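The structure appears below as structure tokens.
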Amino acid sequence: MTVPRYNFCDLLPAKTLTKMAMAIGLCLGISPLLYAQLPAPVEAALNRAHISTDDISLVIMPVTATADNNTTTSTKTVKSRLPAVVPLNLVQEVKAEQPDLVDADELPPELESTASPSKIAAQKLQTQPAQSNPAEKKTAPASSTASQNKSSAPAHNNPALTQGLVDTPAHESAINDSASDALAAVNPSTVDDNQPLAYPLRHLSELPRTPASTMKLIPTFIALDLLGPNFVWVTQAYHTGFISANTLYGDLIIKGSGDPKLTLQRLNKLLEQVKQAGIQHIKGDIVLDSSVFQGVTKDPAAFDNDPLRPYNASPDGLLVNFSTLEITAVPLLNDAQRGTAKLYYKPLMADYDLPTTLPTASLGNCSSARSSLAPIWQAQGLKFNKSLPTSCGARTFYIAYPDAKDFAKRVVKGQWLSLGNTLSGSIKFLGLGNTVAGDMINTETPLKTSAGTYLDMSSSTDKNAVLAQSVSVLPASPLPFVRYPSLPLSQQIFDINHYSNNVMTEQLTLTLPLFSDPSAAPDTTGHAIKPQKDSYSNYTKALGTINQWWQKNLTTPAPVMSNGSGLCRDCSVTAENLADLLQFAYNHRYFDTYVNSLGVAGISGTITEHAERLPSSAAIGRAWIKTGTLNNVTSMAGYVHGKSGQDYIVVGIINGSTNQAPLNTYEARYVLDTMLDWTAKH
1 MTVPRYNFCD LLPAKTLTKM AMAIGLCLGI SPLLYAQLPA PVEAALNRAH ISTDDISLVI
61 MPVTATADNN TTTSTKTVKS RLPAVVPLNL VQEVKAEQPD LVDADELPPE LESTASPSKI
121 AAQKLQTQPA QSNPAEKKTA PASSTASQNK SSAPAHNNPA LTQGLVDTPA HESAINDSAS
181 DALAAVNPST VDDNQPLAYP LRHLSELPRT PASTMKLIPT FIALDLLGPN FVWVTQAYHT
241 GFISANTLYG DLIIKGSGDP KLTLQRLNKL LEQVKQAGIQ HIKGDIVLDS SVFQGVTKDP
301 AAFDNDPLRP YNASPDGLLV NFSTLEITAV PLLNDAQRGT AKLYYKPLMA DYDLPTTLPT
361 ASLGNCSSAR SSLAPIWQAQ GLKFNKSLPT SCGARTFYIA YPDAKDFAKR VVKGQWLSLG
421 NTLSGSIKFL GLGNTVAGDM INTETPLKTS AGTYLDMSSS TDKNAVLAQS VSVLPASPLP
481 FVRYPSLPLS QQIFDINHYS NNVMTEQLTL TLPLFSDPSA APDTTGHAIK PQKDSYSNYT
541 KALGTINQWW QKNLTTPAPV MSNGSGLCRD CSVTAENLAD LLQFAYNHRY FDTYVNSLGV
601 AGISGTITEH AERLPSSAAI GRAWIKTGTL NNVTSMAGYV HGKSGQDYIV VGIINGSTNQ
661 APLNTYEARY VLDTMLDWTA KH
């Protein structure tokens with residue numbers, strides 16, 4: 001008689017085997033995260049987009065607020081630190097009050113401060129009768145309806161319901177409690193909606209990838225930590241000689257500090273203060289000093305051969321209006337001028353020809369300035385090689401000027417004269433100049449010359465000879481007679497993260513070594529104006545500051561960065577890097593400022609279109625996200641407040657494979673939209 005031989009594993013359900021493996025792994029110290037699967041909806045979205053699971057890195061991590069702002073040592077928890085969720089019935093109303101950038105090249109709006117969508121929603125709730133408070137309504141959105149339909153499916157199709165209907169054998173009950181939470185992390189599809197995740201979910205989270213603009217999360221938070229939300233840049237005005245009867249017999253010197261948002265409007269306010277100080281006529285030159293940043297000018301065509309796009313503008317110590325010209329074309333409708341468009345420019349550029357009219361044509365699609373107008377910056381003026389397509393109607397375009405210093409020179413002179421002032425001399429640049437020969441003084445190292453400082457020169461000194469020396473002649477005295485502060489850092493990082501402005505991010509990144517010391521204790525004074533610790537900055541110093549801060553405060557290896565904005569192919573960041581940063585930020589004293597700088601899913605910022613791509617998403621109004629997009633790159637990172645009440649850190653980075661067709665970034669965004677939706681349901 002043959003005795004049958006049984007394989008013990010054949011007698012157990014597959015789910016039981018999985019739990020046993022999980023429990024054994026836990027006992028052996030093997031992290032269940034090594035076996036983590038992607039959420040089923042995310043995998044389905046990847047398949048639909050024909051994206052391999054090897055091309056996505058993902059972290060979904062529960063995060064808990066603690067009473068002492070320390071996530072690792074405190075056991076006393078407090079409520080969520082995220083802003084209030086925007087109720088669904090207020091989403092459209094709140095969205096309508098957000099600045100809307102309809103053009104990818106459009107500049108950040110001219111705002112002194114910006115109310116977050118959560119605060120706007122809270123104000124609207126206060127004006128509604130208590131009995132009709134939408135926050136208390138139970139009306140289910142489309143996504144909830146979908147969840148209800150899913151729950152009403154036959155039990156054998158729902159793993160959670162099936163588990164509840166099957167008797168639990170005695171040998172399984174002993175390991176259920178220890179492994180069920182780990183199983184939820186490893187197999188996310190087993191977690192019911194509205195149930196919080198007990199463990200982080202990670203997928204290829206330590207693989208370096210190109211982050212695109214999600215990299216902006218790094219310098220914006222480090223700046224908050226080192227400088228504080230009230231920090232301001234200060235542009236200063238000095239003068240040589242003397243003032244008599246509203247006339248300066250000497251030179252006006254404007255010294256930049258790296259202000260990321262010295263717009264046309266703010267430049268005018270600075271020049272008006274100069275005028276109010278008693279200077280209306282200048283019998284001398286205007287000298288611009290941008291030496292606070294050195295060696296940072298880049299080729300605007302180097303990244304993608306599209307130098308006209310504002311996102312390719314170079315940083316500068318005296319950056320004016322993002323080095324970008326706004327062109328508004330208005331077709332003329334009267335019979336005599338039909339077929340012509342009138343052109344308006346902001347800002348004005350002195351000594352540079354800007355055409356006032358442009359022919360229109362019935363052919364052609366209206367898109368970017370490059371495609372629709374084919375502009376070319378020439379030595380003496382701007383030229384358009386195409387007629388304006390009539391399909392544009394009245395349209396505003398934005399094009400970047402290739403030389404930040406020459407742009408500042410022409411704009412400052414144009415605005416000074418437009419205020420009714422006069423200038424007998426010219427505009428000269430003091431600082432590291434590598435363009436516009438003859439008007440630039442090539443200065444590498446700030447120090448005194450044999451003639452003393454620029455302001456100390458006597459009337460007999462040959463000023464031009466001093467200016468021609470290869471050293472920066474920085475004014476040491478007297479004190480500036482105008483000190484014009486920038487918008488506070490809190491508003492600047494709002495503009496950076498909401499509108500993903502590249503050159504503002506570079507200005508911020510380059511500022512870090514000037515006013516901070518990452519090795520020192522954090523400055524908690526909250527002072528807006530800080531003493532300058534270094535005479536000038538460059539990328540070596542700036543990225544070194546970021547690296548030093550990272551090693552001091554975080555546990556993951558520092559990311560590889562060649563700039564601050566993410567407009568780079570040689571930059572690499574892991575999903576774990578961003579999750580590490582976001583976790584540190586969550587319990588930081590300035591977290592409220594940081595999280596409110598992020599776009600709200602479906603409502604504001606670059607994540608506004610989330611609601612259009614996924615109208616039934618549970619993340620609408622409850623996710624605070626920074627996005628990133630380059631050719632072959634799509635990324636999202638930020639925070640989600642789950643319906644269970646749990647807060648999550650989410651990071652998703654998709655890089656297209658080099659051996660496959662180019663990544664469809666729209667479909668890839670849908671994958672990450674699905675990640676947000678799935679997380680928000682838990």
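Reminder that position 633 of the sequence shown reads as 633 in the UniProt record's numbering, one-by-one numbering, no gaps.
Glycine included, C-beta positions come from ideal geometry on N, C-alpha and C.
For clarity, every value in this text was computed on a predicted model and none was experimentally measured.
Taking DSSP's pairing of strands, which residues face residue 623 in a bridge?
Locating residue 623 in the sequence shown gives position 623, where the first residue counts as 1. Paired residue(s): 640.
Proximity to residue 230 [Cα-Cα], best of 400, 95, 113
As a first step, residue 230 must be located in the sequence shown, where it is residue number 230. The candidate whose alpha carbon is nearest that of residue 230 is 113.
Does DSSP classify residue 677 as helix, strand or coil?
Numbered from its first residue, the sequence shown carries residue 677 at position 677. Three-state DSSP puts residue 677 in a helix.
Going by the beta-carbon positions, is the gap between residue 277 and residue 481 smaller than 8 Å?
In the sequence shown, the residue the question calls residue 277 occupies position 277. In the sequence shown, the residue the question calls residue 481 occupies position 481. A contact, by the Cβ cut-off of 8 Å.
Does the structure place the region 288-298 close enough to the region 526-543 that three or more beta carbon pairs sit under 8 Å?
yes
Check whether the Cβ atoms of residue 85 and residue 621 lie closer than 8 Å to each other.
By one-based count along the sequence shown, residue 85 stands at place 85. By one-based count along the sequence shown, residue 621 stands at place 621. The answer is yes: Cβ separation under 8 Å.
From residue 128 to residue 98, what distance separates their C-alpha atoms?
On the sequence shown, position 128 is the one that residue 128 refers to. On the sequence shown, position 98 is the one that residue 98 refers to. For residue 128 and residue 98, the distance between alpha carbons rounds to 21 Å.
What three-state label does DSSP hand residue 71 in the structure shown?
As a first step, residue 71 is located in the sequence shown; it is residue number 71 there, counting from the start. Since pLDDT at residue 71 reaches only 47, below the 50 mark, its modelled position is unreliable, and the value read off the structure follows with that caveat. Residue 71 falls in the coil class under three-state DSSP.
Nearest-angstrom Cα separation, counted from residue 601 out to residue 141:
On the sequence shown, residue 141 is found 141 positions in, with the first residue counted as 1. On the sequence shown, residue 601 is found 601 positions in, with the first residue counted as 1. Unreliable placement is indicated for residue 141, whose pLDDT of 43 sits below 50; the coordinate value is still reported in the next sentence. So the alpha carbons of these two residues sit roughly 15 Å apart.
Beta-carbon contacts of residue 109 that lie in its chain and below 7 Å, excluding the five residues immediately before and after:
In the sequence shown, the residue the question calls residue 109 occupies position 109. Closer than 7 Å at the Cβ level, and outside the excluded window around residue 109, lie 99.
Quick one: Cα of residue 491 to Cα of residue 50, how far?
Walking along the sequence shown from the start, residue 491 turns up at place 491. Walking along the sequence shown from the start, residue 50 turns up at place 50. About 39 Å.
Best match in 219, 388, 354, 375 for proximity to residue 363 [C-alpha to C-alpha]:
On the sequence shown, position 363 is the one that residue 363 refers to. Out of 219, 388, 354, 375, 388 has the C-alpha closest to the C-alpha of residue 363.
Three-state secondary structure (DSSP) at residue 536?
Working through the sequence shown from its first residue, we reach residue 536 at position 536. It is coil, neither helix nor strand.
I'd like to check one pair, residue 343 with residue 401: are the Cβ atoms closer than 8 Å?
Here residue 401 refers to the residue found at position 401 of the sequence shown. Here residue 343 refers to the residue found at position 343 of the sequence shown. It is not a contact, given that the beta carbons lie outside the stated cut-off.
If you pair each beta-carbon of the region 269-285 with each one of the region 415-434, do three or more pairs fall below 8 Å?
yes
Segment limits, alpha helix (DSSP H) that includes residue 485
In the sequence shown, counting from the first residue as 1, residue 485 sits at position 485. Where residue 485 is concerned, there is no enclosing alpha helix (DSSP H), although the beta strand (DSSP E) it sits in stretches over 482-485.
Segments of 3+ residues assigned as beta strand (DSSP E) that fall wholly inside the region 251-320
252-255, 286-289
Taking just the CA atoms, how far does residue 674 sit from residue 291?
By 1-based counting over the sequence shown, the position of residue 291 is 291. By 1-based counting over the sequence shown, the position of residue 674 is 674. Each residue's alpha carbon lies about 47 Å from the other.
With a cut-off of 8 Å, does the C-beta of residue 575 fall near any C-beta of chain B?
Annotation note: the requested chain B is absent from the structure, which comprises a single protein chain.
Identified DSSP bridge partners for residue 359:
In the sequence shown, counting from the first residue as 1, residue 359 sits at position 359. The partner list for residue 359 (beta bridge, DSSP) reads 340.
What's the gap between the Cα of residue 340 and the Cα of residue 123?
Locating residue 340 in the sequence shown gives position 340, where the first residue counts as 1. Locating residue 123 in the sequence shown gives position 123, where the first residue counts as 1. Spanning the two alpha carbons is a distance of roughly 47 Å.
Reducing DSSP to helix, strand and coil, say where residue 405 ends up.
One-based indexing of the sequence shown puts residue 405 at position 405. Of the three classes helix, strand and coil, the one that applies to residue 405 here is helix, per DSSP.
Specify the secondary structure class of residue 650 as computed by DSSP and reduced to three states.
For this step, residue 650 is matched to residue 650 along the sequence shown. In this structure, residue 650 counts as strand in the three-state DSSP scheme.
Of the listed residues 329, 382, 91, 410, nearest to residue 354 (C-alpha basis)
Here residue 354 refers to the residue found at position 354 of the sequence shown. When only C-alpha atoms are compared, the closest one is 382.
Quick check: the region 494-506 against the region 248-257, are there 3 or more CB pairs under 8 Å?
Flag = no, the region 494-506 and the region 248-257 do not touch.
Considering only C-alpha positions, which residue in the set 647, 631, 678 is nearest to residue 663?
Reading the sequence shown from its first residue, position 663 is the one you call residue 663. Checking every option, the nearest Cα to that of residue 663 belongs to 631.
Given 8 Å as the limit, is there contact between the region 515-531 and the region 231-239, that is, 3 or more CB pairs closer than that?
yes
Residue 94, enclosing beta strand (DSSP E) - first and last residue
Translated into the one-based positions of the sequence shown, residue 94 becomes position 94. Note, residue 94: premise wrong, no beta strand (DSSP E); alpha helix (DSSP H) at 91-96.
Check whether the Cβ atoms of residue 679 and residue 216 sit closer than 8 Å, and answer yes or no.
Here residue 679 refers to the residue found at position 679 when the sequence shown is read from its first residue. Here residue 216 refers to the residue found at position 216 when the sequence shown is read from its first residue. Cβ atoms of residue 679 and residue 216: not closer than 8 Å.
What would DSSP say about residue 105, mapped onto helix, strand or coil?
Counting from one through the sequence shown, the residue named residue 105 turns up at place 105. DSSP places residue 105 in coil when its eight states are reduced to three.
Select from 610, 651, 574 the residue whose C-alpha is nearest the C-alpha of residue 667.
As a first step, residue 667 is located in the sequence shown; it is residue number 667 there, counting from the start. Measuring from the Cα of residue 667, the nearest candidate turns out to be 610.
Pairwise C-alpha distance: residue 592 and residue 374:
Taking the sequence shown and counting its residues from 1, the one referred to as residue 374 is at position 374. Taking the sequence shown and counting its residues from 1, the one referred to as residue 592 is at position 592. Spanning the two alpha carbons is a distance of roughly 43 Å.
Rounded to whole angstroms, what is the Cα-Cα separation between residue 392 and residue 366?
Here residue 392 is taken as the residue at index 392 of the sequence shown, counted from 1. Here residue 366 is taken as the residue at index 366 of the sequence shown, counted from 1. Between residue 392 and residue 366, the C-alpha separation is close to 5 Å.
Is it the case that the Cβ atoms of residue 223 and residue 512 are separated by a distance below 8 Å?
Within the sequence shown, numbered from 1, the residue matching residue 223 stands at position 223. Within the sequence shown, numbered from 1, the residue matching residue 512 stands at position 512. Yes, Cβ-Cβ distance for residue 223 and residue 512 is below 8 Å.
Rounding to the nearest angstrom, what Cα-Cα distance links residue 447 and residue 534 in this structure?
The residue given as residue 447 occupies position 447 in the sequence shown. The residue given as residue 534 occupies position 534 in the sequence shown. Only weak support is given to the placement of residue 447: the predicted model assigns it a pLDDT of 30, under 50, and the question is left unresolved by the model.
Just mark residue 117 as buried or exposed, buried being the case when its beta carbon has 16 or more other beta carbons within 10 Å.
As a position in the sequence shown, residue 117 is number 117, starting the count at 1. So residue 117 counts as buried.
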